[in-house]
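Residue numbers (the working numbering): 8 to 117. The C-beta atom is built at its ideal place from N, Cα and C for all residues, glycine as well.
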Amino acid sequence: MELVLEIGDAEAITGAALQRIADDAAVRGDDMARSEREQAESAVQEDEAEALAYLVDPYDLVSEVPGVELAQASWSSERIDYDPDSPDWDLDEDDGAEQVTASTEGADGR
Numbered sequence: 008m009e010l011v012l013e014i015g016d017a018e019a020i021t022g023a024a025l026q027r028i029a030d031d032a033a034v035r036g037d038d039m040a041r042s043e044r045e046q047a048e049s050a051v052q053e054d055e056a057e058a059l060a061y062l063v064d065p066y067d068l069v070s071e072v073p074g075v076e077l078a079q080a081s082w083s084s085e086r087i088d089y090d091p092d093s094p095d096w097d098l099d100e101d102d103g104a105e106q107v108t109a110s111t112e113g114a115d116g117r
């Protein structure tokens with residue numbers, strides 16, 4: 008599985024990720040070290056992709072899909088210029104349904 012997303016409101020994503028970090032720290036208490044929290048906050052403030060990674064749980068994306076079990080997930084991102092008219096965005100024979108990969112590990116290791 009490969010997702011291409013357009014971020015329309017980077018501040019909203021960053022704000023939501025910062026709130027999630029604060030909520031996680033409140034729930035985990037002493038288990039979430041100050042340095043770990045500060046590192047996560049810094050990462051999501053510097054890069055919208057990191058903020059998105061903190062908010063998206065790959066298990067939640069597929070947990071209710073019949074016949075699918077998440078075996079492994081990782082997260083990577085890159086900034087691209089999307090051109091819907093470009094042939095580079097057409098599906099080719101290598102993009103078939105038989106091979107599915109997910110890419111979603113972020114600042115919090117999810």
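For this session: Go to residue 91, then tell me how far its alpha helix (DSSP H) extends in each direction, as first and last residue.
Result: Per DSSP, residue 91 belongs to no alpha helix (DSSP H) and is neither H nor E.
Problem set entry | Pick from 32, 52 and 53 that is closest to residue 134, judged by C-alpha positions | Given a span of 8 to 117 for the chain in the structure shown, any question on residue 134 remains unanswerable.
Exercise. Are three or more beta carbon pairs between the stretch 68–81 and the stretch 45–59 nearer than 8 Å?
Worked result: no
Problem set entry | Simplified DSSP assignment, three categories, for residue 30 | helix
Exercise. Grouping DSSP H, G and I as helix and E and B as strand, with all else coil, what is residue 76?
Worked result: coil
For this session: For residue 20, name the three-state secondary structure that DSSP assigns.
Result: helix
Exercise. Helix or strand or just coil, what does DSSP make of residue 40?
Worked result: coil
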